[in-house]
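Structure record follows, encoded as C-alpha cells.
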C-alpha cells in the first residue's frame, strides 16, 4: 500500500504524531513540543485521540454501558477520527499548520488487532488518513510503563483495561496483559510505518532534546512562522 | 339429502380452512444452509451455529418495502416462525447521535459512512447474529447495500466501501424492489406530500430544485443497485406491479429459502 505523508501529498502543513503505551510519557513530550513551537510563534495545533465532540456522546454511551464489541469499538473510534480528520486536521494542514497528534491511526491498529479485528480490515478503514510526516514511538519496557500507571492504584476503566477481552477477572492483571499485547503490536509496526524510536526510559529533558533535534532536522520550522 | 351447489361451495371452503388449520399445527423449521461473511467478518463467531435465516429487502422509500415486510412477518409468524426485524439507524449505540448529526448536516462523508457502518455493526452483533443463533428469521429492512450505494453515489472509493462492509454476513436472500424514480416520486408525494432532503440527495448539491434532485439521485441509486446486483446476487423484483403480485412472488421465493436454498 505505502501511505504517503502530508508533505509527499503536497500539503503545506506537517503532521507530527506520538504513539506508545499509556505511561510512556508521550503526552508530556508532545505538550512540551507544543509549548516550544508556540513560543517560537509557529502556527501549531494540538489534537488528541478520541476527542470529536460530535461522536463523543455515542462513544461514552457505548463505554459506560459496556455495549461495545471489538467491531463496534473499532468503528466508533474510526468515526471519531474521521470527523476530526476531515473537519479539523485536513483544513489546518491545508492552511499550513503544524499539527501535533497525541496518538494517530496506529493506536487503532494496535488496539483493534489485539481485540481480534483483522489487521487488513482495520488498515483498510483508515486508508483515507495520510501518513504523518514524523511518528515518534515512545518505547519502554512494559514494567516501566505499567509501574508509572499502576503506582497509585488508579481507577481503571473497563475498556481501558481490556476487560472486554476476558484476559483476567482482575482489572489490574487484565490491564497488564492488555498493555503487553499492545506493545507487541506496536513493535511489529515500527518498520512498516517508519516510527522514530524514543527511549521512553530516559529523562524528560533527554527525550525532549531528541524530539526537538529530529523535528528541526526534518521540518523547516521557519516556514511555519505566523505572519 | 340433496345438497345445493351453494352449500357445496361452503363445505369445500370449510374443508379448505380445516386443511389449512391442520397444516399449521405442524411447524417445520427452516432447512440449514451454510452461512458466510463477505470478508473476515466478526471475530469469534461460529457460523454453523446460525440456524435461522437472514432475509433482506432493499429498495428506496416508497418502493413498498415496509408494506411487504409487514405482510411477510404476519405470514411467517402465522406459519410458526419467530421473526425479528432490523433496519438502518435502529441501533442502541448510535441511532440518536446519527439522527442529530443528520439533522444538522454537519458530518463530512467519511465520518457519515463510518457512523452508519457502526450502526449496522451494532445491530449485526447484538441482534442479527444472536437471533440467527436462536433460529429466528431475521428480516432486514435494508442492509449494507443501501449504505454502500449511498456512499458510492457520493464518490467514496469502491474498494474502501467494500472492505468496510466485509464484516457483514451474507444473507440467505436479498430482494431489491426496483421502482422507477417517476413512480417513487408519485408514491412519496401521495404519502407525505413532500420529499425528504436525504432521499432527494440534496446534500450532493446537484441542483437546488428538489424535484429534479430527487429524480436524478434516485436514478443514480438505482444504477448503483443494478451494478451491485451481479456482485452481491440480488433478486430484482419489479416493484412497479401491484402489492399483491409482489407479495406472492416474495412468499414463493422465501419458501424456497426456508427449504434450504439460497436466492
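Residue numbers (my numbering), protein chains in the order written: chain A, 5 to 231; chain B, -2 to 260. Every residue gets a Cβ at the ideal spot worked out from N, C-alpha and C, and that includes glycine.
Query, Result
"Under 7 Å between beta-carbons, which chain A residues line up against residue 163(B)? List them in chain order, please.", "125"
"Which two residues bound the contiguous beta strand (DSSP E) that contains residue 82(B)?", "80 to 84"
"Can you tell me the Cα-Cα spacing of residue 94(B) and residue 90(A), whole angstroms?", "18 Å"
"Kindly confirm or deny that the region 150 to 166 of chain B and the region 69 to 87 of chain B touch, where touching means at least three C-beta pairs closer than 8 Å.", "no"
"Buried or exposed, going by whether 16 or more other CB atoms sit within 10 Å of the CB of residue 168(B)?", "buried"
"Output, in chain order, the set of chain A residues within a Cβ distance shorter than 9 Å of residue 37(B).", "121, 122, 124, 125"
"Does the structure place the region 52 to 61 of chain B close enough to the region 172 to 183 of chain B that three or more beta carbon pairs sit under 8 Å?", "yes"
"Measure how close the beta-carbons of residue 149(A) and residue 28(A) come, nearest whole angstrom, since I'm counting them as under 8 Å.", "5 Å"
"With 8 Å set as the bound, which would you pick, yes or no: does the beta-carbon of residue 129(A) sit closer than that to a beta-carbon of chain B?", "yes"
"Going along the chain, which residues of its own chain have a beta-carbon closer than 6 Å to the beta-carbon of residue 115(B), five neighbours each way excluded?", "91"
"Indicate whether residue 172(B) and residue 247(B) have their beta-carbon atoms separated by less than 8 Å.", "yes"
"Any heavy atom of the ligand GDP within a distance shorter than 7 Å of the CB on residue 111(B)?", "Absent from the structure shown: the ligand GDP. Ligands present: none."
"Using a Cβ-Cβ cut-off of 8 Å, state whether residue 158(B) counts as contacting chain A.", "no"
"Could you compute how far the alpha carbon of residue 219(A) sits from the alpha carbon of residue 33(A)?", "13 Å"
"Mind pulling the alpha helix (DSSP H) runs of 4 or more residues that sit fully within the region 135 to 171 of chain A?", "146 to 154"
"How many angstroms separate the CA atom of residue 76(A) from the CA atom of residue 85(B)?", "15 Å"
"Residue 37(A) and residue 215(A) look like a contact to me (Cβ under 8 Å); what is the Cβ gap, rounded to whole Å?", "6 Å"
"Is the shortest distance between the beta-carbon of residue 170(B) and the beta-carbons of chain A less than 8 Å?", "no"
"Give me the residue from 105(A), 171(A), 164(A) with the minimum Cα distance to residue 68(A).", "164(A)"
"My assumption, with CB atoms under 8 Å, is that residue 197(A) sits in contact with residue 135(A). Please give the rounded CB distance.", "7 Å"
"For the structure I just gave you, are there three or more beta carbon pairs, one from the region 82 to 99 of chain A and one from the region 103 to 118 of chain B, closer than 8 Å?", "yes"
"Could you tell me whether any Cβ in chain A is nearer than 8 Å to the Cβ of residue 40(B)?", "yes"
"Residue 139(B): buried (16+ other C-beta within 10 angstroms of its C-beta) or exposed?", "buried"
"Would you mind reading off the limits of the beta strand (DSSP E) that contains residue 196(A)?", "Looking at the DSSP string, residue 196(A) is not in any beta strand (DSSP E), and its letter there is neither H nor E."
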